[in-house]
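Just so you know, we're using full-length UniProt numbering here: the sequence shown kicks off at 1 and counts up by one.
A short worksheet on the structure shown next.
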Amino acid sequence: MSSTKQVLEESMRQNADRIDQSEVLSWKSLFLAKAKLKASSRTSGLMSGFAMVAMVEINLDTGVPQGLAILFSFTTTILISVHVFALMISTCILPNIETVELMHNSVYVQQQLGDKTLASHSPHRKFRKYIEVAWIFSTGLGALLFLIEIPILMWVKFYYLSIYAAYVSMGIMIPVCVLFVFFAFKFYRKLVEHKQSKNTMQLEELQVMATYLKNDEATAMFDSPKIGVP
Numbered sequence: 001m002s003s004t005k006q007v008l009e010e011s012m013r014q015n016a017d018r019i020d021q022s023e024v025l026s027w028k029s030l031f032l033a034k035a036k037l038k039a040s041s042r043t044s045g046l047m048s049g050f051a052m053v054a055m056v057e058i059n060l061d062t063g064v065p066q067g068l069a070i071l072f073s074f075t076t077t078i079l080i081s082v083h084v085f086a087l088m089i090s091t092c093i094l095p096n097i098e099t100v101e102l103m104h105n106s107v108y109v110q111q112q113l114g115d116k117t118l119a120s121h122s123p124h125r126k127f128r129k130y131i132e133v134a135w136i137f138s139t140g141l142g143a144l145l146f147l148i149e150i151p152i153l154m155w156v157k158f159y160y161l162s163i164y165a166a167y168v169s170m171g172i173m174i175p176v177c178v179l180f181v182f183f184a185f186k187f188y189r190k191l192v193e194h195k196q197s198k199n200t201m202q203l204e205e206l207q208v209m210a211t212y213l214k215n216d217e218a219t220a221m222f223d224s225p226k227i228g229v230p
């Protein structure tokens, strides 16, 4: 009987440890979602504001080729639309996440009311796809469009003043855009590999724990006294 009780206590302790670990991972996911939304909000606000100012303040000459003017208008519009969309997602989701975090850190809520605020109260898991879209639009697609916008703006600005200045700007931004795409590809690839390795390690730990529990249960059943046997 004592061995069976010990096995039950050990199983309950391990279950509690798994619950605590799951809660820690949930809070980590919440903080990561909050950080992504904040970064997207700041980046999108800055870049869309710059594009708006550039579009309003620039003085287009009447002799600028129509194709160049159309390209500048198209790129600027797409750039502002992408960043405003990312900014809208961040503005809508971020207050709900910050509210759960403030409740968790509130002394009044935790001590006076005795309420344990869980990370699952936050909607960041349900809106995970929207958060990733805002993150990619702001730091990926939006940043690349911003880099493309600069040489186009230089062409429009210096088309008649100095065409060599436009060529220099384009010659600088082409390798910069290539490096940006290369870094983004490598970064997301390393991030995916890190997540896969971490999930594999967690799965192996769960398998070891399951094997350990099965062995303890089998040992307890073998050592427990049989009822009705003299």
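The beta-carbon is built from N, C-alpha and C at its ideal position, and this holds for glycine as well.
Quick caveat: nothing in here was measured; it's all calculated off a predicted structure.
Quick one, which of the options has its alpha-carbon nearest residue i's?
| i | options | result |
| --- | --- | --- |
| residue 181 | 67, 145, 57 and 158 | 145 |
| residue 131 | 90, 184, 155 and 204 | 90 |
| residue 160 | 100, 57, 69 and 64 | 64 |
| residue 52 | 83, 25 and 96 | 83 |
| residue 43 | 101, 142 and 207 | 142 |
| residue 93 | 123, 76 and 77 | 123 |
| residue 177 | 97, 125 and 149 | 149 |
| residue 30 | 55, 152, 100 and 193 | 100 |
Here's the rule: buried if 16 or more other CB atoms are within 10 angstroms of the residue's CB, otherwise exposed. What is residue i?
| i | result |
| --- | --- |
| residue 211 | exposed |
| residue 201 | exposed |
| residue 95 | exposed |
| residue 197 | exposed |
| residue 175 | exposed |
Segments of 4+ residues assigned as alpha helix (DSSP H) that fall wholly inside the region 114-150: 128-136
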